[in-house]
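Chemist: In the working numbering, the protein residues as written are 37 to 168. Glycine residues also receive a C-beta, built at the ideal position from the N, C-alpha and C atoms. This one's a predicted model, so the numbers in the text were calculated from it and none came from an experiment.
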Amino acid sequence: MKRVLMLGMGFLLAALVAQRVAAVPQGGSGILSGAVIGPDDKPVPHAVITYQSGGGTSPHVVHADARGHFSIAKLRSDVYGLRASGKGVFSDWENVSVRSGKTKAVTLRLIYAKKIPKQYTATRTYDPEPKP
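In structure tokens:
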């Protein structure tokens, strides 16, 4: 009986230690990288990327490089809301999960605008009834 009691206490102690270790936050940080693509399917240079932690931290802004690429380092494990804008056009909000020690890649597509800027429209328009 003593042996069973000691074995049970050992398992209980091991379970408590394992629970305590799992509750300690993991060190390190995650990276979020990606590209911003315009309605014309081309990269958007110097686009603005707004991001905010799902944990309620204040919003932050980064800028894409000349090729439309961006990288955000030193992020804590969390779900982040991202949105890009450039040349008067915006993307949908994307929710992206970032984990410590990992790099997450995302592509943000610009699709919304009150009026599509000239940069994204064709120079020639289609006329369904050509004039003679």
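Quick one: residues in its chain with C-beta nearer than 6 Å to the C-beta of R103, no 5 flanking neighbours on either side, listed in chain order?
Modeler: Contacts found: P79.
Chemist: Taking all protein chains shown into account, do 16 or more other C-beta atoms lie within 10 angstroms of the C-beta of V97, making it buried, or fewer, making it exposed?
Modeler: V97 comes out exposed.
Chemist: Per DSSP, what are the beta-bridge partners of K12 in this structure?
Modeler: Nothing about residue 12 can be reported from this structure: the residues present for the chain run from 37 to 168 only.
Chemist: If you follow the beta strand (DSSP E) that K123 is in, where does it begin and where does it stop?
Modeler: That residue, K123, is in no beta strand (DSSP E); it is neither H nor E in DSSP.
Chemist: If you scan the segment 84-116 from start to end, which runs of the alpha helix (DSSP H) of 4 or more residues do you find wholly inside it?
Modeler: Listed in chain order, nothing qualifies, since the segment 84-116 has no complete alpha helix (DSSP H) run of 4 or more residues.
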